[in-house]
Amino acid sequence: MRVSFLVPAYNEAPTIAAVLEAVDALRLDAQIVVVDDGSTDDTAGIAERWAAGRDGFVLLRQANLGKGAAIRAAIPHADGDVIVIQDADMEYDPADVPALVDPIIRGAADVVFGSRLSGGRPQRAYMFWHLVGNRLLSLLTNALFNTTLSDMETGYKAFRSEVLRSLDLRQDDFSIEPEITAKVCKRKLRIYQLPISYYGRTYDEGKKITWRDGFKAVWVLVRIRIRG
Ligand SMILES: Nc1nc2c(ncn2[C@@H]2O[C@H](COP(=O)(O)OP(=O)(O)OP(=O)(O)O)[C@@H](O)[C@H]2O)c(=O)[nH]1
Ligand SMILES: [Mg+2]
Numbered sequence: 002m003r004v005s006f007l008v009p010a011y012n013e014a015p016t017i018a019a020v021l022e023a024v025d026a027l028r029l030d031a032q033i034v035v036v037d038d039g040s041t042d043d044t045a046g047i048a049e050r051w052a053a054g055r056d057g058f059v060l061l062r063q064a065n066l067g068k069g070a071a072i073r074a075a076i077p078h079a080d081g082d083v084i085v086i087q088d089a090d091m092e093y094d095p096a097d098v099p100a101l102v103d104p105i106i107r108g109a110a111d112v113v114f115g116s117r118l119s120g121g122r123p124q125r126a127y128m129f130w131h132l133v134g135n136r137l138l139s140l141l142t143n144a145l146f147n148t149t150l151s152d153m154e155t156g157y158k159a160f161r162s163e164v165l166r167s168l169d170l171r172q173d174d175f176s177i178e179p180e181i182t183a184k185v186c187k188r189k190l191r192i193y194q195l196p197i198s199y200y201g202r203t204y205d206e207g208k209k210i211t212w213r214d215g216f217k218a219v220w221v222l223v224r225i226r227i228r229g
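In C-alpha cells form, the structure reads like this:
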C-alpha cells in the first residue's frame, strides 16, 4: 500500500530536510506532498533541492493561511491508499509511521490517532497547562462522541485516503485538528489510537499553538456535534 505524507510547513528551514530524510529512510512505497505555507525563510528552497531527481514528491506554495489551509491544499494531490499528516518541525518521528498505518493496512481501522499523552514512548514531559488543555479537549470530544481518545489534538493522524478526502474540511488554522477529529467521530468510523514519540518544542524553540486555539477547538467540536 502506498502512503502519502502531507507536510504543512511554515518557516521550518531548520528541520524540513531532516523530516524528509526520516520519511525517506522508512523505505515505504511513499509520496511526499510538502505545502510551503508562505514561509519567509528558505523552507521551500530546501525542500525543492532535497527533492531534485526524486519521484513521488510534490511541492506546493501558497500565501500564509495556516496549517489547516496547507493540509487542505495538499489533499487533492495525494495519490496514496493511506494518508499521514506529517508536521515539518520534527516533533513527530516518522519512525512511528509504520505502526501508525498498520491498523489501516490490516483493514481494521479507517483512522489512527498517534497519542502523545499515553506514555509508552519518549514523550516530552513539559508544559503542564497544555496537558490540562489537551486533556479537557479530549474529555469533551469523548463525551460528545462516545469515544475514548487520549489526544484529540495530536498532529499524527493517519487515514484511509477516501476517508480524509470525504471530510469536506473547512478550517484554515489549527482548528483543522478538532474539525478532523469531530468529523471522523461523528461519522462513526473505526478509529484507533496508539502511543507515539513526541519531541515537543517550547515557544522559544518555535511552537506556535496557543490557548486561543484551545478555546476555538471547543467551539468547533461542539458545533460539529450539533450541526455537522
Ligand atoms: N504555526 C503555523 N504552522 C503552520 C502554518 N502553516 C503550516 N504550518 C505547519 O503546521 C505544523 C504545526 O505547526 P507548529 O507551529 O509546529 O504547531 P505547534 O504549536 O507545534 O502545534 P502542534 O505541532 O500541532 O502541537 C508545522 O509543520 C508547521 O510548519 C502556519 O500558518 N502557522
Ligand atoms: Mg509542532
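Per the numbering used here, the sequence shown starts with residue 2, numbered consecutively.
The beta-carbon is built from N, C-alpha and C at its ideal position, and this holds for glycine as well.
Ligand 2 never approaches D205 closely enough for any of its heavy atoms to be under 6 Å from the residue's Cβ. Take the alpha-carbon of D90 and the one of A52: they are about 18 Å apart. Only residues of its own chain outside the window of five on either side were considered, and among them S116, L118, S119, S139, Q194 have a CB closer than 7 Å to the CB of S151, listed in chain order.
Counting only residues of its own chain and dropping the five nearest sequence neighbours on each side, F146 has a CB closer than 6 Å to the CB of C186. Looking at the backbone, the Cα of D80 and that of S5 are separated by about 7 Å. With a cutoff of 7 Å on beta-carbon distance, D173 and L61 are scored as not near each other. Look at R224 here: in three-state DSSP terms it is helix. Short note on D90: C-beta closer than 6 Å to some heavy atom of ligand 2. The residues D90, in chain order, have a CB closer than 7 Å to that of G207 in the same chain once the five nearest residues on each side in sequence are set aside. Linking F129 to N135 through their CA atoms gives a straight-line distance of about 10 Å.
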